[in-house]
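Below you'll find the structure, written out as structure tokens, and then a few comments.
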Amino acid sequence: MSKYAVEVDHVSMLFNMSSEKVDNIKEYFVRLLTRKLNYDEFWALRDISFKIEKGDRLGVMGFNGAGKSTLLKVVAGVLKPTTGKVKVRGVIAPMLELGAGFDMNYTGKENIFLYGATMGYSRKFLEEKYDEIVEFSELGKFINTPMKNYSSGMKSRLGFAIATAVKPDILILDEVLSVGDAAFREKSEQRILDLMEDGVTVLFVSHNTDRVKKICNKAIILTKGQIIASGDAESICNIYTEMVNSK
Amino acid sequence: MAGKSKIKAQLGNFFKYRYLINELVSKNIKLQYRNSVLGMFWTFLQPLLTMIVLSVVFNNIFGRDSKDVVNYPVFLLCGRLLHEFFTSSTKTAMKSIRSRASIIKKVYVPKYIYPLSAVFSKFITFLISLSVLMVVILYFNLTDKNPITLTGNILWAIPPVIVLFFFSLGVGMILATMNVFFKDIENIYDVFCLLLFYVTPIVYTADRLGYAKDSLVGMLIRLNPMYGFIEMFRGAVIHGAEFYTYFDMNLFYYCCGITAFVLIVGFTMFYRKQDKFILHI
Numbered sequence: 001m002s003k004y005a006v007e008v009d010h011v012s013m014l015f016n017m018s019s020e021k022v023d024n025i026k027e028y029f030v031r032l033l034t035r036k037l038n039y040d041e042f043w044a045l046r047d048i049s050f051k052i053e054k055g056d057r058l059g060v061m062g063f064n065g066a067g068k069s070t071l072l073k074v075v076a077g078v079l080k081p082t083t084g085k086v087k088v089r090g091v092i093a094p095m096l097e098l099g100a101g102f103d104m105n106y107t108g109k110e111n112i113f114l115y116g117a118t119m120g121y122s123r124k125f126l127e128e129k130y131d132e133i134v135e136f137s138e139l140g141k142f143i144n145t146p147m148k149n150y151s152s153g154m155k156s157r158l159g160f161a162i163a164t165a166v167k168p169d170i171l172i173l174d175e176v177l178s179v180g181d182a183a184f185r186e187k188s189e190q191r192i193l194d195l196m197e198d199g200v201t202v203l204f205v206s207h208n209t210d211r212v213k214k215i216c217n218k219a220i221i222l223t224k225g226q227i228i229a230s231g232d233a234e235s236i237c238n239i240y241t242e243m244v245n246s247k
Numbered sequence: 248m249a250g251k252s253k254i255k256a257q258l259g260n261f262f263k264y265r266y267l268i269n270e271l272v273s274k275n276i277k278l279q280y281r282n283s284v285l286g287m288f289w290t291f292l293q294p295l296l297t298m299i300v301l302s303v304v305f306n307n308i309f310g311r312d313s314k315d316v317v318n319y320p321v322f323l324l325c326g327r328l329l330h331e332f333f334t335s336s337t338k339t340a341m342k343s344i345r346s347r348a349s350i351i352k353k354v355y356v357p358k359y360i361y362p363l364s365a366v367f368s369k370f371i372t373f374l375i376s377l378s379v380l381m382v383v384i385l386y387f388n389l390t391d392k393n394p395i396t397l398t399g400n401i402l403w404a405i406p407p408v409i410v411l412f413f414f415s416l417g418v419g420m421i422l423a424t425m426n427v428f429f430k431d432i433e434n435i436y437d438v439f440c441l442l443l444f445y446v447t448p449i450v451y452t453a454d455r456l457g458y459a460k461d462s463l464v465g466m467l468i469r470l471n472p473m474y475g476f477i478e479m480f481r482g483a484v485i486h487g488a489e490f491y492t493y494f495d496m497n498l499f500y501y502c503c504g505i506t507a508f509v510l511i512v513g514f515t516m517f518y519r520k521q522d523k524f525i526l527h528i
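Here it is in structure tokens:
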């Protein structure tokens, strides 16, 4: 077994800006005939390479539009890179947007099984974890209420509870630690720290240097789709603070 | 070797996500009639009501004791149920990728799961609605008005139903792929399904139209694969006693061929384009 949990090898990601807007046949043919199907090319990621060892926590920092979210989506397997390869060993829990797989007409209970199945877990496994999930989400009797009546806080609490009830090998966090009220936030941070003690590998996107220092041991800075600095979290955070100040 | 391990990985993936197919199918069925007073009963009521209305309207035109029809309501219901399954399953499969945009953008899921579970859930609804056919046949046999003689040949109704499932899956995959890139497909396909209802011999028999079998229109009507599925199903249910003379097996082989072709095209298209879906939805 390799000691790396995530290997990103010369990954580049190209978006065709204008192609995203042509979504009806008439426009397509008009553009085809007038030869306006040439796209504005935009490289969201350029030749990114890094490796994360098992148990490492990597912080990904950078300004808006630097390609952080694209990078996370590539690692999560949602986006396929234009060139390069991504290798991931183990179960990924992507917490990019909690509760994206919920069905609003379903009750909280039914959604636990639906969302869990979306992440690839069996019904039996989820039944074992069911009580724990309900307890952690603090939903109580509302668990049998249709989700369309939930507040956004209730939805994300349930999403967080499901995503972390399983013991993932790799956790992808995109500023989701700001879930719910202060008490729940503390509880969810504790959950993640517990998972880290169990040796989970973390990929964490944040602008907040304090958070990155607290959670991560390594960090990279992205600018315009390229890695401009990588190293231990402490020194990278200092570089990032300087960048922010000089902007 | 590489191809072999790829297939193995695909199968492993399917195995891992079989729970998701389960969940999605039961969700589609559960939510279809949730909050409606009659609930699941609508699955029976909907085909029954359309059958009654269409029978009243068309019985005197198409149903007059032609020996191919035998019993017009039953004749109509056989065609309607199969047509309804085909259109509803392909329509939901077509929309299945677009309507799951939010989750496809966030979590990795093998994308073919969505059209597959759409067709699957409509198939189960279809199987449930087949009991309406049984009830209607029972009613006519008990009241002894144009009774249907059921024979062991009714088992021949199973192959067209199974092949139709795969045919719908193939068409659904093609539509789902196209719909990601061109949303117009949804509108075009609605019109197409409406026209398909009229050009397929559902309310009438193919011979009733008066075109010779070897004339151009007669050929076109028989080239429509839905004709083959419906004719075979009808033959097995209504004409059990003379099934082998009523139905020409070559038509069924033709339908199987078309199905294989559509399935291959559907899966190839889907697999070639699926990595681009996320950029367009």
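Going down the list, the sequences are from chains A and B. In terms of our numbering, the numbers along the first sequence are unbroken and rise by one, the last being 247. In terms of our numbering, the numbers along the second sequence are unbroken and rise by one, the last being 528. C-beta atoms are modelled at their ideal positions from N, C-alpha and C, and glycine is treated no differently.
What is the DSSP secondary structure of M248 of chain B, counted as helix, strand or coil?
Along the second sequence, read from residue 1 onward, the residue named residue 248 of chain B stands at position 1. With a pLDDT of only 41 at M248 of chain B, under the threshold of 50, the placement of this residue in the model should not be trusted, and no figure is reported.
Looking at the unbroken beta strand (DSSP E) that takes in P294 of chain B, where does it start and where does it end?
Taking the second sequence and counting its residues from 1, the one referred to as residue 294 of chain B is at position 47. Taken as a continuous stretch (DSSP letters only), P294 of chain B belongs to no beta strand (DSSP E), being part of the alpha helix (DSSP H) at W289 to F309.
Strictly by DSSP, which residues pair up with V512 of chain B?
Start at 1 with the first residue of the second sequence, and residue 512 of chain B comes out as number 265. None; V512 of chain B has no bridge partner.
Would you say S343 of chain B touches the ligand FAD, meaning its beta carbon is less than 7 Å from a heavy atom?
Among the components modelled here there is no ligand, and therefore nothing to report on the ligand FAD.
Taking 8 Å as the CB-CB cut-off, is S376 of chain B touching chain A?
Here residue 376 of chain B refers to the residue found at position 129 of the second sequence. So, not an interface residue.
Please work out which residues of its chain come closer than 6 Å, Cβ to Cβ, to R191 of chain A, disregarding the five sequence neighbours upstream and downstream, and give them in chain order.
Counted from its first residue, the first sequence places residue 191 of chain A at position 191. Closer than 6 Å at Cβ, skipping near neighbours: T164.
Could you give the DSSP three-state label for D181 of chain A: helix, strand or coil?
To locate residue 181 of chain A, count along the first sequence from 1; it is residue 181. In the structure shown, D181 of chain A sits in coil (DSSP, three-state: anything other than H, G, I, E or B).
Taking the CB atoms as reference points, tell me whether Y436 of chain B and M341 of chain B lie closer together than 8 Å.
If you number the second sequence from 1, residue 436 of chain B lands on position 189. If you number the second sequence from 1, residue 341 of chain B lands on position 94. Result yes, Cβ atoms of Y436 of chain B and M341 of chain B sit closer than 8 Å.
So the beta strand (DSSP E) S230 of chain A belongs to, where does it begin and stop?
Residue mapping note: residue 230 of chain A aligns to position 230 of the first sequence, counting from 1. Here the beta strand (DSSP E) through S230 of chain A covers Q226 to D232.
So, is the C-beta of L79 of chain A closer than 8 Å to a C-beta in chain B?
Here residue 79 of chain A corresponds to residue number 79 of the first sequence, with the count starting at 1. True, the Cβ-Cβ gap to chain B drops below 8 Å.
With distances taken from CA atoms, which of B:V272, B:R327 and B:S368 is nearest L296 of chain B?
For this step, residue 296 of chain B is matched to residue 49 along the second sequence. Nearest option by C-alpha distance: B:R327.
Just to confirm the assignment, what range does the beta strand (DSSP E) spanning Y451 of chain B have?
Residue numbering aside, residue 451 of chain B sits at position 204 when the second sequence is read from its first letter. Y451 of chain B -> no beta strand (DSSP E), and no H or E assigned at all.
Check the Cβ of I25 of chain A against every Cβ in chain B and list those closer than 7 Å, keeping chain order.
The residue given as residue 25 of chain A occupies position 25 in the first sequence. In chain order: F429 and D431.
As an exercise, report each continuous alpha helix (DSSP H) stretch of at least 4 residues that is fully enclosed by the stretch 424-499 of chain B, in chain order.
DSSP runs (the alpha helix (DSSP H)) wholly in the stretch 424-499 of chain B: 431-446, 463-470, 472-485 and 490-493.
What ranges does the alpha helix (DSSP H) occupy inside the stretch 136-169 of chain A, keeping only unbroken runs of at least 4 residues that lie completely in it?
The qualifying runs are 152-165.
Tell me the DSSP secondary structure of T201 of chain A in three-state form.
Here residue 201 of chain A corresponds to residue number 201 of the first sequence, with the count starting at 1. Strand at T201 of chain A.
In the DSSP assignment, the alpha helix (DSSP H) including G90 of chain A goes from what residue to what residue?
Translated into positions along the first sequence, residue 90 of chain A becomes position 90. Element bounds for G90 of chain A: n/a, residue is neither H nor E.
Under 8 Å Cβ to Cβ from I360 of chain B, same chain only, skipping five residues before and after it: list those, please.
Here residue 360 of chain B corresponds to residue number 113 of the second sequence, with the count starting at 1. Y264, L267, I268 and L271.
Tell me which residue opens and which closes the beta strand (DSSP E) that F102 of chain A is part of.
Translated into the one-based positions of the first sequence, residue 102 of chain A becomes position 102. It is not in any beta strand (DSSP E) - F102 of chain A carries neither H nor E in the DSSP assignment.
In three-state DSSP terms, what is F113 of chain A?
Counting from one through the first sequence, the residue named residue 113 of chain A turns up at place 113. Three-state result, F113 of chain A: helix.
Determine the DSSP secondary structure at I421 of chain B, reduced to helix, strand or coil.
As a working mapping, residue 421 of chain B is identified with position 174 in the second sequence. Helix at I421 of chain B.
Using the C-alpha atoms, what's the distance from L510 of chain B back to R281 of chain B?
On the second sequence, residue 281 of chain B is found 34 positions in, with the first residue counted as 1. On the second sequence, residue 510 of chain B is found 263 positions in, with the first residue counted as 1. Computed Cα separation, rounded: 33 Å.
Which two residues bound the contiguous alpha helix (DSSP H) that contains I371 of chain B?
The residue given as residue 371 of chain B occupies position 124 in the second sequence. First-last of the alpha helix (DSSP H) with I371 of chain B: I360 to T390.
Quick one: measure Cβ to Cβ for L126 of chain A and G140 of chain A, integer angstroms, because I've assumed they're closer than 8 Å.
In the first sequence, counting from the first residue as 1, residue 126 of chain A sits at position 126. In the first sequence, counting from the first residue as 1, residue 140 of chain A sits at position 140. About 19 Å separates the two Cβ atoms, so there is no contact after all.
Quick one: Cα of M49 of chain A to Cα of S151 of chain A, how far?
Taking the first sequence and counting its residues from 1, the one referred to as residue 49 of chain A is at position 49. Taking the first sequence and counting its residues from 1, the one referred to as residue 151 of chain A is at position 151. Here the sequence assigns Ser to residue 49 of chain A, which means Met is not the residue at that position. Distance between the alpha carbons of S49 of chain A and S151 of chain A is about 40 Å.
Express the C-alpha separation of V382 of chain B and I25 of chain A in angstroms, rounding to a whole number.
In the first sequence, counting from the first residue as 1, residue 25 of chain A sits at position 25. In the second sequence, counting from the first residue as 1, residue 382 of chain B sits at position 135. Distance between the alpha carbons of I25 of chain A and V382 of chain B: 46 Å.
Does I400 of chain B come out as helix, strand or coil in the three-state DSSP assignment?
For the purposes of this step, residue 400 of chain B is taken as residue 153 along the second sequence, with counting starting at 1. This sequence places Asn at residue 400 of chain B; Ile is not what is there. Helix.
Checking 8 Å against the spacing of the C-beta atoms, do K358 of chain B and F524 of chain B come in under that value?
Looking up residue 358 of chain B in the second sequence gives position 111. Looking up residue 524 of chain B in the second sequence gives position 277. Contact flag set, yes.
Under 9 Å Cβ-Cβ, which residues of chain A neighbour I371 of chain B?
Stepping through the second sequence from its first residue, residue 371 of chain B is reached at position 124. Within 9 Å Cβ-Cβ: nothing; I371 of chain B doesn't reach chain A, min ~17 Å.
Along the stretch 100-115 of chain A, what residues have a CB closer than 8 Å to any CB found in chain B?
Those would be A100, G101, D103, N105, Y106, E110, F113 and L114, in chain order.
Apart from the five residues on each side of it in sequence, which residues of its chain come closer than 8 Å, Cβ to Cβ, to T223 of chain A?
Mapped onto the first sequence, residue 223 of chain A falls at position 223. Excluding positions up to five away in sequence, the list reads G62, F63 and A66.
Does the stretch 368-383 of chain B touch the stretch 454-462 of chain B, meaning 3 or more C-beta pairs lie closer than 8 Å?
Counting Cβ pairs under 8 Å, fewer than three are found: no touch.
Helix, strand or coil: how does DSSP classify G77 of chain A here?
Residue numbering aside, residue 77 of chain A sits at position 77 when the first sequence is read from its first letter. In this structure, G77 of chain A counts as coil in the three-state DSSP scheme.
Could you spell out where the alpha helix (DSSP H) holding Y4 of chain A opens and where it closes?
Here residue 4 of chain A is taken as the residue at index 4 of the first sequence, counted from 1. It is not in any alpha helix (DSSP H) - Y4 of chain A instead sits in the beta strand (DSSP E) that spans Y4 to N16.
So with Cβ pairs under 8 Å, would you call D522 of chain B a contact of chain A?
The sequence position of residue 522 of chain B within the second sequence is 275, counting from 1. True, the Cβ-Cβ gap to chain A drops below 8 Å.
Measure from the C-beta of A249 of chain B to each C-beta in chain A and report whether the shortest distance is under 8 Å.
Walking along the second sequence from the start, residue 249 of chain B turns up at place 2. Only weak support exists for where A249 of chain B lies, its pLDDT of 49 falling under 50; the value from the coordinates is given anyway. Output row for A249 of chain B: interface = no.
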